[in-house]
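Residue numbers for the sequence shown follow the numbering used here, so the first one is 257 and each next one is one higher.
Glycine included, each C-beta is placed from N, C-alpha and C at the ideal position.
Keep in mind the model is a prediction, meaning the values are calculated, not measured.
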Amino acid sequence: MAEGGEREELLSPSPVSPAKRLCSWPSPPPHYPRGSSGTVSGGAGGVGGSCLTPGARPHLQPESLLDCAAKTVAEKWAYERVEERFERIPEPVQRRIVYWSFPRNEREICMYSSFQYRGSSGAGAAGGAAGTSPAEEGPPPPPGAAAPAGPAPGAAAVGASPGLGAGASAAGGGSGEGLPFRRGIHLLDSGSVENVLQVGFHLSGTVTEPATASEPAMTYKVAISFDRCKITSVTCGCGNKDIFYCAHVVALSLYRIRKPDQVKLRLPISETLFQMNRDQLQKFIQYLITAHHTEVLPTAQKLADEILSSNSEINQVHGAPDPTAGASIDDENCWHLDEEQVKEQVKLFLSQGGYYGSGKQLNSMFAKVREMLRMRDSNGARMLTLITEQFMADPRLTLWRQQGTSMTDKCRQLWDELGALWVCIILNPHCKLEEKSCWLLQLQKWSDLDVCPLEDGNYGHELPNITNALPQSASHSPDSLSRPRRTVFTRAIEGRELHWQDSHLQRIISSDIYTAPACQRESERLLFNSQGQPLWLEHVPTACARVDALRSHGYPKEALRLTVAIINTLRLQQQRQLEIYKHQKKELLQRGTTTITNLEGWVGHPLDPIGCLFLTLTEACRLNDDGYLEVSGGPFSGLGEVIHRESVPMHTFAKYLFSALLPHDPDLSYKLALRAMRLPVLENSASAGDTTHPHHMVSVVPSRYPRWFTLGHLESQQCELASTMLTAAKGDTLRLQTILEAIQKHIHSSSLIFKLAQDAFKIATPTDNSTDSTLLNVALELGLQVMRMTLSTLNWRRREMVRWLVTCATEVGVRALVSILQSWYTLFTPTEATSIVAATAVSHTTILRLSLDYPQREELASCARTLALQCAMKDPQSCALSALTLCEKDHIAFEAAYQIAIDAAAGGMTHSQLFTIARYMELRGYPLRAFKLASLAMSHLNLAYNQDTHPAINDVLWACALSHSLGKNELAALIPLVVKSVHCATVLSDILRRCTVTAPGLAGIPGRRSSGKLMSTDKAPLRQLLDATINAYINTTHSRLTHISPRHYGEFIEFLSKARETFLLPQDGHLQFAQFIDNLKQIYKGKKKLMLLVRERFG
257 MAEGGEREEL
267 LSPSPVSPAK
277 RLCSWPSPPP
287 HYPRGSSGTV
297 SGGAGGVGGS
307 CLTPGARPHL
317 QPESLLDCAA
327 KTVAEKWAYE
337 RVEERFERIP
347 EPVQRRIVYW
357 SFPRNEREIC
367 MYSSFQYRGS
377 SGAGAAGGAA
387 GTSPAEEGPP
397 PPPGAAAPAG
407 PAPGAAAVGA
417 SPGLGAGASA
427 AGGGSGEGLP
437 FRRGIHLLDS
447 GSVENVLQVG
457 FHLSGTVTEP
467 ATASEPAMTY
477 KVAISFDRCK
487 ITSVTCGCGN
497 KDIFYCAHVV
507 ALSLYRIRKP
517 DQVKLRLPIS
527 ETLFQMNRDQ
537 LQKFIQYLIT
547 AHHTEVLPTA
557 QKLADEILSS
567 NSEINQVHGA
577 PDPTAGASID
587 DENCWHLDEE
597 QVKEQVKLFL
607 SQGGYYGSGK
617 QLNSMFAKVR
627 EMLRMRDSNG
637 ARMLTLITEQ
647 FMADPRLTLW
657 RQQGTSMTDK
667 CRQLWDELGA
677 LWVCIILNPH
687 CKLEEKSCWL
697 LQLQKWSDLD
707 VCPLEDGNYG
717 HELPNITNAL
727 PQSASHSPDS
737 LSRPRRTVFT
747 RAIEGRELHW
757 QDSHLQRIIS
767 SDIYTAPACQ
777 RESERLLFNS
787 QGQPLWLEHV
797 PTACARVDAL
807 RSHGYPKEAL
817 RLTVAIINTL
827 RLQQQRQLEI
837 YKHQKKELLQ
847 RGTTTITNLE
857 GWVGHPLDPI
867 GCLFLTLTEA
877 CRLNDDGYLE
887 VSGGPFSGLG
897 EVIHRESVPM
907 HTFAKYLFSA
917 LLPHDPDLSY
927 KLALRAMRLP
937 VLENSASAGD
947 TTHPHHMVSV
957 VPSRYPRWFT
967 LGHLESQQCE
977 LASTMLTAAK
987 GDTLRLQTIL
997 EAIQKHIHSS
1007 SLIFKLAQDA
1017 FKIATPTDNS
1027 TDSTLLNVAL
1037 ELGLQVMRMT
1047 LSTLNWRRRE
1057 MVRWLVTCAT
1067 EVGVRALVSI
1077 LQSWYTLFTP
1087 TEATSIVAAT
1097 AVSHTTILRL
1107 SLDYPQREEL
1117 ASCARTLALQ
1127 CAMKDPQSCA
1137 LSALTLCEKD
1147 HIAFEAAYQI
1157 AIDAAAGGMT
1167 HSQLFTIARY
1177 MELRGYPLRA
1187 FKLASLAMSH
1197 LNLAYNQDTH
1207 PAINDVLWAC
1217 ALSHSLGKNE
1227 LAALIPLVVK
1237 SVHCATVLSD
1247 ILRRCTVTAP
1257 GLAGIPGRRS
1267 SGKLMSTDKA
1277 PLRQLLDATI
1287 NAYINTTHSR
1297 LTHISPRHYG
1307 EFIEFLSKAR
1317 ETFLLPQDGH
1327 LQFAQFIDNL
1337 KQIYKGKKKL
1347 MLLVRERFG
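Pasting the structure below:
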């Protein structure tokens, strides 16, 4: 029986779910003594290099023959095959096989515990702590040789994702501290891993998360099953719901790799049970049930019943399952990958649409697929299949197809990467035929679906398939009906026609010294250049797809050799094109065309051929010593005088070259950067024959953008290049002027020009140094251009832009302010010009900031007044009040602004605008003008009987109070307007009450005297108001009774009470009110309950 201290680990944590093969027991073999301690030790042969510190090399005796054989068997053979092959396996041999069956390479643990792998930081210990796996002991054979079974050398460090994904905590940030792998290392280093036990092919232990400020310490039970150096199943008590392993699984795995001598090791449990007699077995079972009776008792009783039944299914099978005995022969040997989580995460990311984070996560998953492929891990294709299934199930595909709309650029890029990955898998040099056939069948099924996205890359011409050379004739019919349907998977399906058996290709990828033979046959002359270097004459994207396949499947040297051959081929073609260009240069410049007729375009191509070549070269850390910068021109130069209208922008590259060349050759650096400022796809056509202009180019406005085109990103890169030049040219007037012209010509985004203006302003006005006037003027010019660009278009930042421009002009000086005030109509709307620009220019803050003398202040004020009157004439509704404010200190201008307001009152001004101006005039001490404006406003107003909360009520009350204060004549003039415009009884009664409280004529206007007498409601002008009020109450009463409900009866009675107060103002008012009540009783006698309430209150 197992030792008492191990009893608790037997059923905790809950069993994982590997394939449990049946273990039978033969006749009892002779008993072999066991090791007393039961722990893993070096023994004969030790543990090799598996527990060494990173970078250390063993200085022990060579591995024993037993360990050498056990390592190979543990990696290549299922343990069941070993048992079938040999009738009896000595216990020491079993122990070594079981020992070496656990994964030995931390890279693989890292690969399955995070999206991100960094060989020097993110997986700091993974590079050396685990030693070297058998698959890394030598270079892989070239394509065409036997495929290796293990992972490829150096695979994990390449193809790493650019960011963190679902497997990484947000807390990790850029340092990777939140990655499960790094957290697992911290848990291991902090001693959080305990109770580690290996029983056969099953590893268990506990991992304790330390307490935090908000969480107590938590201990999780972890279980891992493994087979042939691969983890096949994991379970953790933390309930991790993610694609990759949690930090606790990582910690336990690394504990087993780094500290194997501290792990208790037992043979599969079936071997231990086999050595027990009946009494020991019974005691074992009873203790087991006692320790876990609440969990296993029902299952134990069920199994006992089945075993005691001779006809039960369990008795028809020889042997019994053992979860610790490893996988069976028929089980697939692959790393554990949670397929459901892969599906859920991809589905989640797709459902988030075009958000930046979701696209980044999906790209990280694609990078993980490449990493798996490079490690020769079968889960690479498996994971890509799961991803593709979710992509095909994306409901947006159906929506886009029904609406006839195209997907976004970011979605298209994701689909391109998906298709390119399938091309890599189909072109795997060591892909088995049955696997390739299965994948091709699945790809064809996806491609046949109606919702499968079409391949976006035909550019209106019929392009060749992946196996043919690109035709250079531009005479193909653009009719889309004549082209076969090509989907994103078509190139991968066409990859079945490609093979690796070509002898020339085999020699290229197999040797670094393959050169032309001394005696070449005629057919061989096209296979080498003049230096004898091999060429590979194949459709360039197809050839690069081969390179990508070699890279992706762990053949970096072979990929590099093929890349060099492709580049040699391209260089030879370039030389030939350049010769043609030199002979035709003058004619081409005059026509504004190039000799390039490539209809397909390689940058942004679905297979990304240029990116593939670049990555292969950079990964190899080799520089092209023969490279040179072609600035003078040529058909292939993106910095030449003439470029193709769909030429790839060179902004980022030019920014780097500008910074590198500036200290050595400023003229060349500026020339290069200015040429690179162009964005041909957005340029307007240049004048024909203008070859003297330094920025002349072929550029027409295209009917469509190139498929690789992501406008926002490219324009931001263009902006960064311009900003770099502005910073470098600070203080150099001539260079700044040239850069300014380039910006104004080539940058078409107002937001980005505004950003450049702000950047230039910040650089020109440092807090601790003097202002740079040259760069400040550039900032102002850029700001003026932004104003002109956004004047007639909607821009949510427009108000911010206007305020910034005034600030910038203030920094430049008074002449700049005068200039923008005088030319306001080309820069601002009338509202902006009066409320922001002019108001800020004449403010006290501006005067103090510029230390203006009296003539300068007067000049600014005069310009502001002129601007105000012009704006008021153009848009009186919005600018009349601002114009009056700006013209306050000049009588003539103020009178002109007032007359503009009066003239506009009869036109389109609203009562609200007129009331606002009228109140302003009263505030400034012009009550009669205020009254005139208020009267005009009243004529524009119409207040219905039920609008007792209308916002204009306060204005009406103010106007009546103003007229009452001016005198009886003004009140008499306003009351008819009130009676005509206001039909709300409560408002009229309020006006009537206010007019009877005080005597009119209290405004104190010179030449006028107040009578001191209260006005009577029986005489004019209040009699007219009284009658109107009573009529309003009568009309409102009938209107309310038409659709009144019982819950409004009480409110109606209170309304009648207010009406009675008004009715009683004249002498015969009580008779009128009584007659009014009688009429109500007669007309609405059907409303008995209401009329009863009326009688109770009014008799």
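Is residue i helix, strand or coil by DSSP?
i	result
S213	Because the chain spans 257 through 1355 in this model, residue 213 falls outside it and cannot be assessed.
A413	Only weak support is given to the placement of A413: the predicted model assigns it a pLDDT of 35, under 50, and the value that follows is read from those uncertain coordinates. Correct three-state label for A413: coil.
D323	helix
M1057	helix
D594	coil
C775	coil
L1040	helix
D483	strand
R522	strand
P919	coil
Taking all protein chains shown into account, do 16 or more other C-beta atoms lie within 10 angstroms of the C-beta of residue i, making it buried, or fewer, making it exposed?
i	result
W858	buried
T980	buried
A503	buried
P862	buried
D672	buried
F870	exposed
Q757	exposed
G751	buried
G894	buried
K327	buried
Just the Cα atoms here: how many angstroms apart are residue i and residue j?
i	j	result
R1250	L1281	12 Å
A556	A547	13 Å
V1212	R657	59 Å
L918	Q829	32 Å
L1012	K1018	10 Å
A1097	Q1169	25 Å
R1113	G1069	12 Å
F1329	L1320	8 Å
F745	G1039	48 Å
M906	I1156	56 Å
V478	G495	10 Å
A233	H809	As displayed, the chain neither begins before 257 nor continues past 1355, which places residue 233 out of reach and without an answer.
L1050	A916	40 Å
K1314	N1225	29 Å
D1131	T1087	8 Å
A799	K692	20 Å
D923	A985	12 Å
A1153	C667	57 Å
Going by beta carbon distance, what residues of the same chain come within less than 6 Å of residue i, once the five residues before and after it are set aside?
i	result
A507	G440, L443, L444, V449, V463
A998	L930, M933
T1046	S1006, R1054
M648	W702
Excluding the five sequence neighbours on either side, which residues of its own chain have a C-beta within less than 7 Å of the C-beta of residue i, listed in chain order?
i	result
A1072	L1036, A1065
V625	G636, M639, L640, L677
L670	G615, L618
Q1203	C1240
Tell me which residues share the same chain as residue i and place their Cβ nearer than 8 Å to its Cβ, disregarding the 5 neighbours each side in the sequence.
i	result
L1230	F1187, A1190, S1191, M1194, A1215, C1216, S1219
F784	T771, A772, Q776, P790, L791
*Go through the region 665-704 residue by residue and report every complete run of the beta strand (DSSP E) that reaches 3 residues or more, in order.*
If one requires a minimum length of 3 residues, no beta strand (DSSP E) run lies completely within the region 665-704.
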